[in-house]
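In my numbering, the protein residues as written are 2 to 1021.
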């Protein structure tokens, strides 16, 4: 057989149907860059979570040095029991937590865990007695259970096996560093005792609990889900590019297909197989025995040091030294084990370290306090060195996702069970020398030595058996692969190490020969890889590695092909039939979504009316007039149901409209605070990010709620769904008319209703479009109706329409009411309808946008979008005018900037003490003055010719960032330059859905105003 070829070289196989191209499609530099990025994102998050977990778990030892026992009236034995309850909670929930992790996915479950246990940790500050203390400790352990194996499972998802050992040690750095700094943090926090009437231990729980909740927020923002789905939980942005996701997924897929998703299928058979695997139980027993001393040393470390004669503060500070030392030692032993390919032997070295110093401390009866402290520190620094090695050892040698998850949970249970037992090593009766406790520690580490040797022996024996089977089956492999032309797989350094030491945590063999006697997933690390091993010579090893790699890739390819065939066979329809069915289902789902939104909007309107009615009734009752007004209200409701109009309402509206000068109509007099406004609060504002309110997917209206990943560029709703939705709407209203249907645009519903009412009233009055001077006579009623509409439903935009050329919209509405050459010629060129507008039904609000290309794209892509009104408000908010910055701001460079019309109008309309007659001369002293002084805003507004109307505006680039599908590179609509804007920006709103009260108000106003106008025009 030929030697293994260089990286990235491809060879054909004579049996192509059973082969797969096995070379990677990326370079080594690309893979290294991806791994570095993972190390910068994933590793800090998991370390941070482990750090928070360990702080919340172990800060009880620091609280013991304060007044905890006195304040709660508990003993140290009670504290021991409370900590045992915490460990019991961990042990009880460890496996269920990992089962949930596989169901929900590791990122979702781990993030939820941080939130829950952080909340419990925070509530510990307010325990008052032994019972609440026991409850919080148990709940803390119960909800922390599963995070450590879950974190290790996340590492296995993203990293190759040859990378996993060092990352596991880094993951445990969070544990070690929390242990190291926990005492330092506690030393400072405990001095806060007395502040706000709280003890120092209470402040310790509060501060570290809040820190955990902050970690929860970081997890939501940054924690990726899996190698192929790298978006965090919120789904707003992706942390990796498509190329990086491809590399991450494929490089893990080549090793183990089960690791490419964030969660796997958990079956009863898989759980049973994991629980009956004796290798997992040996690893679990090793953790149980070797980590028992850690529980006692961590809990009573500060107390033991204080018993040597140190103060409370110094005991916490001195206790941190061993934790810093264990950080250094853990990395050193992980590096050494990687270099020597020995894991079991280095576990033994760690145990011998602890035996040496534990024995010295046990015999140090007459030594001074500093000598005892030094021995105690060296003992504590080695109490968990084997934990990371043992966990990674098991993770790599477990080939099933189910077994890996359950196995990691079991070894962590062993760790916690050992810690639970270890907390009883130091008793008050044994103080202050604790000779029995130190003797027990030495004996436990001695017992860990033969257990480690036993694990090494198990793996050595299994791999020796495997070697014999591989030699026996060599002929069978050659026959299957084909001797004439073999497939050469480029192997990595880890792949070339087929058989390694039983303690090794480098990459094990990826696959094996399937024989009745050996499960291919059972291949483990093997000892004795030196040249003296005569079972297989070097040439045979190379041949065997190559054959095994071919078998693995063929098997994986066969699985993929089989799965694809099953999917195709399950659906025998043609491609066109499947596409049609999916389109039909899509339209149905979208229609259901529109119907739900419509009903929700109506419910909101009903609740608002009910709330107003209840408030009015309570006010009337308080004034002694409630009963009479209730009867009036009932009569009013009866009249509305019967289509009647109240006389007193007409009188109120008549008195309100007597001051209107129809020859010089002023829309500002209709600027009243009506209950039909889209919001009864001030318009929302945003900070000074560049047009961030347009880019913000959470919406800009108080009644806007974005549905994630629905109304993006990939999921548009065009004309056909709009027609389907309109035709399918069977619901009608007696008030609105039997032929009236609610659409996906409440804004358009209002406009359509007003146009219909206005035209009906004009026809009733005998208005003839072809009569004398028809053009001038139709615009005055349109102006009154549209001004009333904006004042009632959108009072926050009245300043906009008062200061810009609103008559463009009036001219458009007049043409829509009475289309003729006379009304058409009055339209501004930007508002003249396009072919798409004339040929396709669409929401009427689209016609109000003065950019034909945007209107056409909205009709094509967003006609049925339930949030079309939001898109319109975003467009209007994004109207800008270009200018030179030096013309507007004193001392500014001569660069092109663009200013939003709404910003200047809001400044001009602000309620400052500055007189409206104040005249300012540009340039303004600075940007802040330009957007805070009405005088300078008016000067800029006039200089930029903003009063000429929207037909002369351009669009803020941020609008196209939010809606890229609406951008037309052939047009010059997009503003150039830099944005010039105030610190805070208001956002336009849109009206609520129609309701019966709004319809009655519209009808009353139109009837009264046009009757009055007609009467005045007919008077001599």
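A virtual CB, placed ideally from N, CA and C, is assigned to each residue, including glycine.
Taking each of 27, 995 and 273 in turn and checking the Cα distance to residue 244, the smallest one comes out for 27.
For the pair residue 972 and residue 836, the CB atoms are not nearer than the 8 Å cut-off. The shortest C-alpha to C-alpha distance from residue 191 to any of 277, 140 and 61 is the one to 61. By the beta-carbon neighbour count (other beta carbons within 10 angstroms, threshold 16), residue 613 is exposed.
In this structure residue 240 is in contact with residue 42, their Cβ atoms being roughly 6 Å apart against a cut-off of 8 Å.
By the criterion of a C-beta distance shorter than 8 Å, residue 956 is surrounded in its chain by 852, 855, 876, 879, 880, 881, 974, 975 and 976, once the five residues flanking it on both sides are discounted.
Just so you know, the alpha carbons of residue 611 and residue 995 end up roughly 15 Å apart.
The beta carbon of residue 99 sits closer than 8 Å to those of 147, 150, 151, 154, 406, 407, 409 and 410, all from its chain and outside the five residues before and after it, given in chain order.
Within its own chain, the residues whose Cβ lies closer than 7 Å to the Cβ of residue 870, once the five positions on either side in sequence are excluded, are 746, 747, 748, 846 and 991, listed in chain order. As a beta-bridge residue in DSSP terms, residue 955 pairs with 881.
Per DSSP, residue 900 is one residue of the beta strand (DSSP E) stretching across 897 to 901. A residue is called buried when at least 16 other Cβ atoms come within 10 angstroms of its Cβ; residue 413 meets this threshold and is buried. Bounds of any beta strand (DSSP E) do not take in residue 193, whose DSSP letter is neither H nor E. Here the C-alpha atom of residue 866 lies approximately 10 Å from the C-alpha atom of residue 744.
Under the 10 Å beta carbon count, residue 586 is surrounded by fewer than 16 other beta carbons and is classified as exposed.
Counting only runs of 3 or more residues that sit fully inside the region 113 to 198, no beta strand (DSSP E) segment turns up. Counting every other CB atom within 10 Å of its CB across the protein chains shown gives residue 145 a total of 16 or more, marking it as buried. Counted as a single uninterrupted DSSP element, the alpha helix (DSSP H) harbouring residue 747 occupies residues 747 to 765. Boundaries of the beta strand (DSSP E) around residue 980: 979 to 981. Close CB contacts of residue 385 within its chain, under the 6 Å cut and outside five residues either way in sequence, are with 295 (chain order).
CA-CA distance, residue 1003 to residue 791, rounds to 12 Å. For the pair of segments examined, the region 197 to 206 was found not to touch the region 86 to 106: the number of CB pairs separated by less than 8 Å stays below three. Closest by C-alpha distance to residue 843, out of 830, 829, 827 and 861, is 861. Counting the other Cβ atoms within 10 Å of the Cβ of residue 935 gives 16 or more, which makes it buried. As DSSP reads the structure, residue 327 sits in no beta bridge.
8 Å or more divides the Cβ of residue 979 from the Cβ of residue 920. Assignment of residue 268 by DSSP, reduced to helix, strand and coil, places it in the coil class. In the structure shown, the three-state DSSP call for residue 890 is strand.
Under the DSSP assignment, residue 360 falls in the alpha helix (DSSP H) whose first and last residues are 345 to 363.
One Cα belongs to residue 885, the other to residue 907, and the distance between them is close to 21 Å. By a beta-carbon distance limit of 8 Å, residue 106 contacts residue 226. Their separation comes to about 6 Å. In the three-state reduction of the DSSP assignment, residue 993 falls in the coil class. With contacts defined by Cβ atoms closer than 8 Å, residue 811 and residue 784 form a contacting pair. For residue 925, the pairing in a beta bridge is given by DSSP as 890. Within the same chain, Cβ atoms closer than 7 Å to the Cβ of residue 330 are found at 382, 383 and 386, the five residues on either side in sequence being excluded. Secondary structure at residue 986: strand, using DSSP grouped into helix, strand and coil.
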